[in-house]
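Here is the structure we will look at.
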Amino acid sequence: MNDLSKESVTWVTIDESSESQRIDNFLFKHLKGVPKSHVYRILRSGEVRVNSKRVDATCRLVLGDVLRIPPVRSSRPTDNGEPKAAAPQMLSRHILYQDDALIALNKPSGMAVHGGSGISRGVIEQMRLEHPEFKFLELVHRLDRETSGVLLLAKKRSALVELHRAMREGETEKRYLTLVKGQWLNAKQSVKLPLHKYVTGSGERRVSVNEEGQTAHTIFTLKKSWPEFCLLEAELKTGRTHQIRVHLSHLGFPIVGDDKYGDFPLNKALQKRGLKRMFLHAFKMVLKHPLTGEMLSLEAPLPDDLKRFLRLLDTEE
Numbered sequence: 001m002n003d004l005s006k007e008s009v010t011w012v013t014i015d016e017s018s019e020s021q022r023i024d025n026f027l028f029k030h031l032k033g034v035p036k037s038h039v040y041r042i043l044r045s046g047e048v049r050v051n052s053k054r055v056d057a058t059c060r061l062v063l064g065d066v067l068r069i070p071p072v073r074s075s076r077p078t079d080n081g082e083p084k085a086a087a088p089q090m091l092s093r094h095i096l097y098q099d100d101a102l103i104a105l106n107k108p109s110g111m112a113v114h115g116g117s118g119i120s121r122g123v124i125e126q127m128r129l130e131h132p133e134f135k136f137l138e139l140v141h142r143l144d145r146e147t148s149g150v151l152l153l154a155k156k157r158s159a160l161v162e163l164h165r166a167m168r169e170g171e172t173e174k175r176y177l178t179l180v181k182g183q184w185l186n187a188k189q190s191v192k193l194p195l196h197k198y199v200t201g202s203g204e205r206r207v208s209v210n211e212e213g214q215t216a217h218t219i220f221t222l223k224k225s226w227p228e229f230c231l232l233e234a235e236l237k238t239g240r241t242h243q244i245r246v247h248l249s250h251l252g253f254p255i256v257g258d259d260k261y262g263d264f265p266l267n268k269a270l271q272k273r274g275l276k277r278m279f280l281h282a283f284k285m286v287l288k289h290p291l292t293g294e295m296l297s298l299e300a301p302l303p304d305d306l307k308r309f310l311r312l313l314d315t316e317e
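Residues in the sequence shown are numbered from 1 upward in steps of one, following full-length UniProt numbering.
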């Protein structure tokens, strides 16, 4: 029998990546390693609550719903001779800012924000492991696995609720740096293209520009140009899934290294030139402190691998 380990009560606020999903399917992904029979059992018993109310397995999650997930026992994989995954890197050294209410991390590229879909441990699980003294620790928002940069975690439930409110109301400022293929002409350009989420035949989540999609607004500012590429600053006015990536790809300026919406032959060629991942970095967030109201400006420097590639472009001019 597999070894079992106790988990703690978890509070999760539903964001755009999980809205409209059935709660049983959400729990299967969130409680990786927990038998499906046990997931259905805690649903039937009322131990899982949505906005403090009992729900059944067919409940569809709504943006902003707050889930209470009870302590569960999850299976650890047995030693079957297969190679073990590399241990996640320590994240405490990537902390940009911390107080009693929140933590701002400079998330490394290649690390998912949470476990699931074949990932045993993401940022939130790793941070809880490194800081068992934190009685409450939840993601405030998400970044794609390959995207680096500023990521917020809440250390108090009141801070989480207020930060979610501020993000819904557009009271936070999020800025990214990205390198795209092609020659961007406008010094500053506002892009408003609706985005629609769908699932491919293989079960992969994707997003496309579609009139029936949700409103999405990005402001792009040209920072620097090279013969084949441009460095852009992207300011998010809405926070849709894959928003920057899809807006740029649709306009004919794919992000270099993007393995979903990018130029795949170009990506392969750039790997040989030293760019091993998507060039998208969340370099700045400006927000009011959720408890004190003080203005915070949180910045994450461009990672060394991306700096090196920009220097390479400079030498090739």
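Glycine included, every Cβ here is placed at the ideal spot set by N, Cα and C.
Asked, Found
"Leu177 beta carbon less than 9 Å from that of Leu306", "yes"
"Cut-off 7 Å between Cβ atoms - residues of its own chain near Arg308, not counting five sequence neighbours on either side", "Gly274"
"With 16 other Cβ atoms within 10 Å as the buried cut-off, status of Gly122", "buried"
"Minimum length 3: unbroken beta strand (DSSP E) runs contained in the stretch 149-201", "173-181, 188-192, 195-199"
"Per-residue DSSP class, three states only, for Tyr40", "helix"
"Buried or exposed by the 16-neighbour rule on C-beta atoms within 10 Å, applied to Phe264", "exposed"
"Residues of its chain near Ser17, where Cβ-Cβ distance is below 6 Å and the 5 sequence neighbours each way are ignored", "Thr241"
"Spatial distance of Gly201 from His250 (CA atoms)", "21 Å"
"Counterpart residues of Ile219 in DSSP-defined beta bridges", "Ser190, Glu235"
"Nearest neighbour of Glu146, chosen from Ala166, Ser109, Ala159 [CA to CA]", "Ser109"
"Beta-carbon proximity list for Arg60, same chain, < 8 Å, skipping 5 on both sides", "Ser20, Gln21, Arg22, Ile23"
"Alpha helix (DSSP H) segments (min. 4 residues) lying fully within the stretch 223-272", "243-250, 264-272"
"Minimum C-alpha distance to Val286 - residue among Ala104, Leu312, Leu193", "Ala104"
"Inter-stretch contact at 8 Å, needing at least 3 Cβ pairs: the stretch 152-162 / the stretch 127-142", "yes"
"Arg245 versus Leu193, Lys36, Lys32, Leu313, residue with shortest Cα-Cα distance", "Leu193"
"Residue of Pro227, Glu130, Arg206 minimising C-alpha distance to Thr315", "Pro227"
"Interface flag, His281 vs chain B, CB-CB below 9 Å", "No chain B is part of this structure, which consists of one protein chain only."
"Limits of the unbroken beta strand (DSSP E) element including Ile69", "66-69"
"Supposed contact pair Leu102 and Ala159 - C-beta distance, whole angstroms, cut 8 Å", "5 Å"
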